[in-house]
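These notes are about the structure you will find just below.
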Amino acid sequence: MIDKIKELIAEAEAFTAQSIEEVEAFRIQYLGKKGLLNTYFAEFKNVANDQKKEFGQAINQLKNTAQDKVNALKSELESTEEASLNGDLSRPGDPISIGARHPISLVKNQIIDIFSNIGFNVSEGPEIEDDWHNFTALNLPEYHPARDMQDTFFIQTDPDILLRTHTSSVQVRYMENNTPPIRTISPGRVYRNEAISSRSHCFFHQVEGLYIDKDVSFADLKQTLQYFTTEMFGKSKIRLRPSYFPFTEPSAEIDVYWGLESETDYKITKGTGWLEIGGCGMVDPNVLTNCNIDPEVYSGFAFGVGIDRIAMLLHQISDIRLLSENDVRFLKQFKSAL
Ligand code: DAH
């Protein structure tokens, strides 16, 4: 019997467990009411006197070994369980850094949303353009003095190829490939050979708008722009200042009444309260003819709005160069924006 107990001691010593439940089963098997220990204790009275001492010591050793084992395994398992729980709750998660949308994209998407609500689709054209789409078709033939309004980057080896100076080139492409009614906006990047400063850059972004149908009037243009400025800025007071663009007749500059409530208002409106956001007009019949649309049947309006300016205004960006330098400290600030 003593040998059997010694075997049990060795087994108890070697015992390992993966869970608290396994430890508990072990405890019941050894130390429980009907467990091995109690069974052997009950045998004690039947053991011969000269063996009682050795037997008693063996049982005590078994008891201590089993008890120590239970205590050790319990605390070991409880502490790993606690660590894994606490780890999840208190440790910082994996440092996954989420990107942020660029302020230009934010404003562009907002403009797309506003115009898609009134039935405009989105169209695009190439940034490397030919003379026809950027100038000639837009009523700007060769040697037209108005070409100088936009300092152009030409591709040196081919004077017919250039970096588009405005998104108006997309108007031409769209009209060439679609028939009226047309309602489209064309956002994109444009290039001009200008000195870089905090206010101007050699590339920036515009959104072109084009609406061609029967009986389109200047009143439709004004209403559309008013809807846009109300949705975009919450300002419904606009002013269309007579201007000149070769591709529209009549033409106007679009001013929004921004107000003069704060110091910033004074700064951005140069003390006038009015803010210029782009140009517009009724599409010149020559342009329609160049794009195979009959000006006797159809009329339309067009407009071009600068995105960078609006982004700077809405997000309080003081230097246009920040928009293209890709400094993450700047870009990260737009995480919470839509
Ligand atoms: N393309 C002009 C520019 O870049 C802006 C513009 C003016 C676009 C009048 C238009 C328009 O569509 O009708 O300065």
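Take 685 as the starting number for the sequence shown in my numbering and just add one per residue.
By construction, the Cβ of each residue, glycine as well, lies at the ideal position given by its N, Cα and C atoms.
{"Query": "Straight-line Cα distance separating Asn793 from Tyr858", "Result": "20 Å"}
{"Query": "8 Å CB neighbourhood of His828 in its chain, flanking five on each side removed", "Result": "Phe819 and Pro930"}
{"Query": "Assigned exposure category for Ala936 - 16 Cβ within 10 Å defines buried", "Result": "buried"}
{"Query": "Residues sharing a beta bridge with Tyr911, DSSP", "Result": "Per DSSP, none; premise fails for Tyr911."}
{"Query": "Residue closest to Leu1006, alpha-carbon to alpha-carbon, out of Ile788, Ile961, Ala732 and Phe728", "Result": "Ile788"}
{"Query": "Validate contact between the region 941–951 and the region 970–990 using beta carbons, cut 8 Å, 3 pairs", "Result": "no"}
{"Query": "Near ligand 1: Phe987 beta-carbon under 6 Å from a heavy atom", "Result": "yes"}
{"Query": "Distance between beta carbons of Val854 and Glu808, contact taken as under 8 Å", "Result": "7 Å"}
{"Query": "Minimum C-alpha distance to Ser881 - residue among Lys718, Ala709 and Ser1008", "Result": "Ser1008"}
{"Query": "Residue burial classification, Asp939 (beta-carbon count within 10 angstroms, cutoff 16)", "Result": "buried"}
{"Query": "Outcome for Leu746 when other beta-carbon atoms lying within 10 angstroms are tallied against a minimum of 16", "Result": "buried"}
{"Query": "Option in Leu1015, Ile896 and His889 with minimal Cα separation from Gly965", "Result": "Ile896"}
{"Query": "beta-carbon Phe929 near ligand 1 non-hydrogen atom, thresh 6 Å", "Result": "yes"}
{"Query": "Spatial distance of Lys921 from Leu905 (CA atoms)", "Result": "14 Å"}
{"Query": "Extent of the continuous alpha helix (DSSP H) to which Met996 belongs", "Result": "Ile991 to Leu998"}
{"Query": "Among Gly893, Ile1004 and Ile686, the one whose alpha carbon lies nearest that of Thr908", "Result": "Gly893"}
{"Query": "Cβ-heavy atom distance, His999 to ligand 1, below 6 Å", "Result": "no"}
{"Query": "Reduced DSSP category for Pro673 - H, G, I as helix; E, B as strand; rest coil", "Result": "What is shown of the chain runs 685 to 1022, which leaves residue 673 out entirely."}
{"Query": "Validate contact between the region 827–845 and the region 864–872 using beta carbons, cut 8 Å, 3 pairs", "Result": "no"}
{"Query": "Short Cβ contact (7 Å threshold) for Phe725 with Phe710", "Result": "no"}
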